[in-house]
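Per my numbering, the sequence shown starts with residue 1158, numbered consecutively.
Built from N, CA and C at the ideal position, the CB exists for glycine as well.
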Amino acid sequence: MGKIISRELTQGQVLIFFLIAVVIFIYPLLIADYYYIDDSWRSQLAGTAWKGSGRILIEWLYQGLSFTRGAPNIFPLPLLISVVVISFALRALVFHFFEKPTVVCCFIVLPLWYSPFFLQNLSYQYDGPGMALGVAAIVFSIAFKHRWVGMRVVVSGVLVAMALSFYQMTIDIFVGLSCVELIRFANERKGLRVSVLLLGEKVAQLILGVVIYGLTAYQLMTDERKELRHFGDGWRDKLMTDMGTTAGRVAELCNEGNAWMCWGLLALAVAGFLLIILRVLNGEEEIKNKLMMVLLCTGAIFISLIAIPGLSLAFDFFNDGARLLLGLSAVLVLMLYLSYCALQVIHPKLVVGVMVPIIAMLSFSYAYGRVLSVQKEFHEYVAHSLAYDINSNAEIKGVDKFYMIIRHAGVRAPGADGSIKMIPALRYVLNIDFISLSEMLPRVGVLNISTVESYDFDAVAHDRDIRLVLENKFYRIYLSGQDGFVVMKGLSDEDVYE
């Protein structure tokens, strides 16, 4: 066992490791084959609409792979392609971080793919592969090597721009991995001068990438974007509240069963950071350089934590969706790297301990995959039930147009209560707040239906003669002339299986 852990791996062996590890992680998503939120309308219309969101490369990806001008559903081909690309990217990163990588070193960078929050990104059959390719572009930008600084800045800047054109939130991973890079330089005693040059290089790469993106894909953006954060009265309190919300979401990953692991990982990461600080202080540089290096390392930790919500903090309306917290992936890499440094000092064979959090993340993926399958069964049942009522009821089947109203009510996956109770973060990552969508119904033969907002229905109901025709546990159907209104209900947390 000791020889396996300490044996240096070749380029080919590392690539095979990542190909296997990456496929194992997404296997539950492939089995579930679940249309996640936007997937329903995209698959129905072969729609794109990414260009207007400043994500033109996803649009080109689907047009290129499908040989069409749209985006027909070709899942899982794009995801499998992203698996190959991210495997090459992770291999490049391992050989960038470690001179002689071992299998344990490979585990350290896996959170870039294994992060529990990243599962929400990968749940999208359409958007997920593009987001994954964006992450891969960021990883390649960090790992790119060349003897000329100018070449490193230009190539990495272009890769950052490509990543932003796939998914803008990938910028948080770049910031987080740059912090990991700075901590690594401190651990390897590269010195203050080299570390400052690294910092300047990363800033230049980031600025160039943003400028290139701003001059290209951003120019195609037509969608209304969220209003930027206001810095008026109370902005500090609001910012702290948003940061606290993010901290609470991350804390949900810790439950009664894995608390020992979470606290252990945190303790080892802190110990590893303190060891690196001691290594810096025991170096041969001048004392002022040592203190500056300590400040840089401390700042890197702080910035990496800020990068968890990262770009989301720039907007006045803070969205705490798991898919937006990509910065957590880089923080997990940092924690595993620091833990690796601490375990190496305690005993070289103990470095295998960094595998434990990875196994926990893999377990989370499989639990999440089963929840997706249960949610899929529930949605299919409701859709078939609604289709039957619409097509078989004498009063309803003659309606010209149906409008679905989705109330903001509590919704959950009723067949997964046990799993969600044991692993509360599953509900947050799942993030399903509806029983059915109008876009799901064409698959069961209901074509004359669309979604309207609740307030529109309330306004119509106030001015027109509307009568209730059918009601069951999940929805009500109202009629008004030749118009039908399907009002979806919620699913109470108190309504549980006993």
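- Cα atoms of Asp-1394 and Ala-1404: separation of roughly 15 Å, rounded to the nearest angstrom.
- In the DSSP assignment, Ser-1607 falls outside any alpha helix (DSSP H) and lies within the beta strand (DSSP E) extending over 1606-1609.
- Within the stretch 1265-1295, complete alpha helix (DSSP H) segments of at least 4 residues are found at 1268-1271, 1275-1280, given in chain order.
- For the pair Phe-1472 and Met-1326, the Cα-to-Cα distance works out to about 13 Å.
- Within the stretch 1317-1397, the runs of alpha helix (DSSP H) that reach at least 4 residues and sit entirely inside it are, in chain order, 1328-1344, 1349-1372.
- Contact check between the stretch 1582-1597 and the stretch 1500-1511: fewer than three CB pairs, one atom from each, fall below 8 Å, which does not count as touching.
- Inclusion of Leu-1214 and Met-1319 in the CB contact set at 8 Å is warranted, their separation being smaller than that value.
- Around the CB of Val-1502, fewer than 16 other CB atoms lie within 10 Å, so the residue is classed as exposed.
- Comparing C-alpha distances from Leu-1290 to each of Trp-1270, Arg-1569, Val-1306 shows the shortest one belongs to Trp-1270.
- The DSSP-derived three-state label of Phe-1535 is helix.
- Across the structure, Gln-1282 and Leu-1495 are spaced so that their CA atoms are roughly 34 Å apart.
- Across the set Cys-1336, Pro-1286, His-1303, the C-alpha of Pro-1286 shows the shortest separation from the C-alpha of Tyr-1324.
- By the Cβ neighbour-count rule, Phe-1274 is buried, with 16 or more other Cβ atoms within 10 Å of its own.
- One alpha carbon belongs to Pro-1229, the other to Asp-1196, and they sit about 11 Å apart.
- The three-state reading of DSSP puts Leu-1648 in coil, since its state is none of H, G, I, E or B.
- Bridge pairing for Tyr-1545: absent [DSSP].
- The Cβ atoms of Leu-1356 and Leu-1339 lie closer than 8 Å to each other.
- The Cβ-Cβ distance between Ile-1369 and Leu-1334 does not fall below 8 Å.
- DSSP places Gly-1602 outside both helix and strand once states are collapsed to three, so it counts as coil.
- Taken atom to atom, the span from the alpha-carbon of Thr-1259 to that of Ala-1487 is near 20 Å.
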